[in-house]
Amino acid sequence: MSSHHINNRNRQRYSETAPAYLSNTDHKNYNGKNNNGHLYPTGKLTSIALLVGSASLVLAGCQSTPTSSSSNLSSNSSASSTMMDFSVANAAQSQRQGQAFTASQNAQAARYEHLFDQEKHPNTENQAKSHLLAAIRQHLATEHVAVATANYRSTPFIDPDSIDAGSSSLLRTIIETYVYQPEGAYSESDDEPYNDDYNDYDDAKDSIESDYPNDYDKSRAEAEAERRAIAAILAEAGENEPTSSDTNSDNEYVYDTADDYSSDDYSSDDYDNYDEYSSGGEGMLSGMSGLSPKSMAAKYEAMQMAKQQAKTETVNRGSLPMSSTGMIGNILDMFHRTPEQIAASNAYQYEHLTFNSVSQYRPKQRQLQSVYSYDYATPTISSSIQIPLAFDFNNSSVVVDPSAIMPIVALVNPENTPLPSQMTSHTVSFGLPESITAQLPPAVLYDAVLNAIQNSMAELAPEHFSAVDISGDTFAKEVGATRTVKVYFGSQQSGEMIGKTLKYVTKSLQDYVDANPDKYPDGAALKTALAKAQLYNKGYQSADVGSLLQLIEAIGPISFNQINYYYLDSSDRLLAKQQRVNIGGDLMGSTTTMLNQVRYDKASFNRHALTPLLAESFGSDATPPIDGNAWIATQRDKKDRLQTARYARYDYQDSGVEGAYSSNEYGTDEYGNDNDNGVDAVDESRVDDAQDDMNEK
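For the sequence shown, the numbering used here assigns the number 1 to the initial residue and increments by one for each residue that follows.
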């Protein structure tokens with residue numbers, strides 16, 4: 001299409017919208033062939049103008065239209081400046097066009113590179129991710145202290161103002177629909193009529209068993225009538241299957257009855273409906289094979305109508321009869337928390353409950369020492385439980401204060417539980433056996449896990465990292481942070497982190513095994529296990545683990561997510577962390593939120609109330625812990641001695657029995673008493689026999 005024709009189309013497009021800029025000739029050409037032609041009415045011109053204007057607005061987002069012929073010429077000239085024109089044999093012009101084309105291509109390549117090269121030109125999310133990863137690597141490589149405070153709060157799982165308010169989850173709906181029984185089905189409140197039906201059934205059954213099998217003179221019509229009567233009784237009583245306890249004649253008769261029950265008078269549809277609501281003795285899941293979408297839909301509609309009727313009658317949901325929701329439905333109601341229960345738990349429990357901890361981390365020694373405290377304080381009651389706990393990966397040991405669990409141990413094993421006065425130290429040290437540490441040193445596993453966590457987080461997509469405005473963040477002002485990075489971990493991200501961590505740990509351990517071939521020859525247990533793990537790791541991607549967690553979250557009774565806020569200074573040093581974890585589900589009816597704030601400054605650590613206990617338990621002046629391995633070995637030796645003594649007593653009893661057997665020959669029992677079955681007893685019997693003979697004579 002020529003340029004002149006395009007310009008004519010452009011002039012035609014804008015003629016109705018701007019007629020003042022057109023010449024008389026153009027106006028004549030648009031309205032008719034000559035000046036005497038008939039003109040369009042003004043109304044039609046206006047409608048056409050509105051139509052064309054609306055069409056241009058719709059197409060504005062799809063294409064760009066030049067506003068005049070001059071703009072079209074300018075665009076053509078700009079396009080020709082960046083394209084080679086081989087129709088003109090001008091070396092200078094060709095050189096200028098080649099240079100312009102090269103510059104245009106370089107600019108386009110630079111723009112494309114700027115859009116997708118996040119290393120040289122990172123966007124906001126990538127910048128936040130890089131700052132956080134640098135802070136975490138620096139944080140884990142340097143010695144630091146931490147002070148943590150965790151609080152809890154519950155909220156309804158579904159907001160009362162939400163569109164989902166009053167709706168059940170799919171899992172609960174399926175469970176309740178399956179266990180739903182109509183009003184006429186058997187319930188605990190209907191024991192009397194149910195037993196009467198069974199009594200009637202037993203009477204009829206006895207009558208038939210006594211008369212029907214042996215009475216061959218009855219007519220066939222009477223036999224058919226009796227069989228139909230028994231079938232009706234069986235249907236009412238819920239017994240239509242023969243049991244193993246029936247006699248042969250019973251089984252024969254029931255089989256005949258079943259055949260007759262499936263006749264034309266009793267259609268298969270009625271039988272299916274009966275079997276659908278019957279409560280047989282095969283268990284709750286015995287009817288799963290007979291379920292169908294149509295029957296489930298019918299049961300669901302009936303259940304919802306029953307619930308609605310209960311609401312209109314001002315009956316509480318939990319007081320519905322057992323026949324409506326079954327035992328499982330009542331159990332679900334018991335676990336489901338009401339808004340009043342949630343408010344009560346917040347007022348009486350969570351508002352006064354706090355988890356506190358102080359920790360000290362030494363990366364070179366691979367040591368982590370902490371004191372955890374469970375504190376509950378109200379105006380009328382106050383309690384606190386502190387548990388010191390320390391991990392030493394270089395020495396493959398863990399040190400713990402067993403005071404908190406000592407009462408439980410005393411209940412289970414009171415004889416082997418030491419008294420507080422018998423403990424030389426309030427901490428006990430337990431170490432891994434050498435058979436385990438020789439195969440895999442804990443320090444190697446510790447380094448593998450630590451590196452795996454960092455590398456896994458580095459592989460997460462940048463959109464999960466975001467910079468947060470801290471101008472209104474009170475906690476950021478308290479710790480003196482200059483920037484905050486938010487990291488969201490839902491089920492997808494958490495599962496992906498788990499999958500990547502497992503793969504990285506396996507790879508690190510495999511590298512360690514390959515670097516020590518003398519310690520791990522072919523056929524070693526660890527080497528074989530790692531090879532098998534590597535084989536299975538090739539069969540899935542880390543994102544698949546996240547998808548699996550999403551599936552569990554979608555159909556399961558739990559919903560969880562985790563949000564982390566990392567507070568950094570200008571030099572990318574980690575100052576604090578705030579973690580928000582939400583755990584809950586529709587079956588529970590509530591969501592419990594844990595808010596954990598961690599500070600990494602020494603000022604907060606030094607003035608905390610748990611810091612003296614940390615120094616007392618693991619400081620340089622602390623009393624050495626009790627050797628827990630030696631204590632366990634002592635208890636094991638004591639148990640072995642008791643077992644040996646018990647076996648020895650069994651040997652003594654066996655020898656005593658043998659002696660008793662040998663003493664029976666001499667008229668004594670195993671206890672040394674005279675045996676009535678001995679010689680004296682035989683003599684008495686002979687005397688009695690002689691007396692009987694004399695009497696007969």
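Yeah, the Cβ is synthetic: ideal placement off N, Cα and C, and Gly gets one too.
Residue i in three-state terms, based on DSSP
| i | result |
| --- | --- |
| F393 | coil |
| I405 | coil |
| N106 | helix |
| L548 | helix |
| I563 | strand |
| F618 | helix |
| V581 | strand |
| V88 | coil |
| L368 | strand |
| A461 | coil |
| A467 | strand |
| R337 | coil |
| K307 | helix |
| K500 | helix |
| M296 | helix |
Option nearest residue i by Cα separation, candidates the options
| i | options | result |
| --- | --- | --- |
| A150 | E616, R580, D572, D473 | R580 |
| D536 | N516, G556, K507 | Strictly speaking, residue 536 in this sequence is Tyr, with Asp absent from that position. Answer by Cα proximity: K507. |
| Q562 | T591, K294, H121, Q304 | T591 |
| I331 | A302, A443, E176 | E176 |
| S429 | S104, T142, L133, F618 | F618 |
| Y560 | L613, L530, G539, Y488 | Note that residue 560 corresponds to Phe in the displayed sequence, not to Tyr. Answer by Cα proximity: Y488. |
| M305 | S421, T484, Q181 | Q181 |
| F335 | D586, N582, G472, S169 | D586 |
| Y512 | N564, S456, L440, G499 | L440 |
| S435 | V412, S396, A467, A452 | S396 |
| T482 | I558, L411, A576 | A576 |
| R137 | Q309, S403, V399, A452 | A452 |
| P160 | G589, D601, D640, A622 | G589 |
| K639 | Y374, T378, A410, E415 | E415 |
| S130 | G472, L549, Y520, H464 | H464 |
| V145 | Q97, Q541, L368, F116 | L368 |
Own chain, CB closer than 7 angstroms to residue i, minus 5 neighbours either side, in chain order
| i | result |
| --- | --- |
| P624 | S425 |
| N606 | none |
| S87 | none |
| V505 | A448, V449, A452 |
| R172 | L332, D586, L587 |
| I328 | I175, V179 |
CB contact check: residue i to chain D, cutoff 8 angstroms
| i | result |
| --- | --- |
| F393 | Among the chains in the structure shown there is no chain D, since it carries only a single protein chain. |
Same chain only: Cβ atoms within 6 angstroms of residue i, ignoring 5 sequence neighbours per side
| i | result |
| --- | --- |
| A135 | L568, D572, L574 |
| P339 | P156 |
| P388 | V371, D401, S617 |
| H121 | H114 |
| V147 | V358, R599, S604, F605, H608 |
| N629 | G431 |
| I583 | F560, T592 |
| L595 | N151, R580 |
| N455 | Y504 |
Nonlocal neighbours in the same chain, by C-beta distance under 8 angstroms from residue i, ignoring five residues either side
| i | result |
| --- | --- |
| D164 | I158 |
| Y350 | N151, Y152, R153, S154 |
| Q492 | A543, G546, S547, L549, Q550 |
| S168 | E176, D586 |
Strand pairing of residue i, partner residues [DSSP]
| i | result |
| --- | --- |
| L568 | R483, L574 |
| D375 | T354, S384 |
| Y488 | I563 |
| H144 | Y361 |
| Y152 | M594 |
| D627 | S429 |
| I599 | The identity of residue 599 in the sequence shown is Arg, whereas the question assumes Ile. Its beta-bridge partners are V147, A576. |
| V398 | F391, F430 |
Residue i and residue j closer than 8 angstroms at C-beta
| i | j | result |
| --- | --- | --- |
| Y361 | E143 | yes |
| G495 | V545 | yes |
| P363 | A645 | no |
| T417 | V399 | no |
| R366 | A443 | yes |
| L132 | Y566 | yes |
| S384 | D392 | no |
| A128 | A467 | yes |
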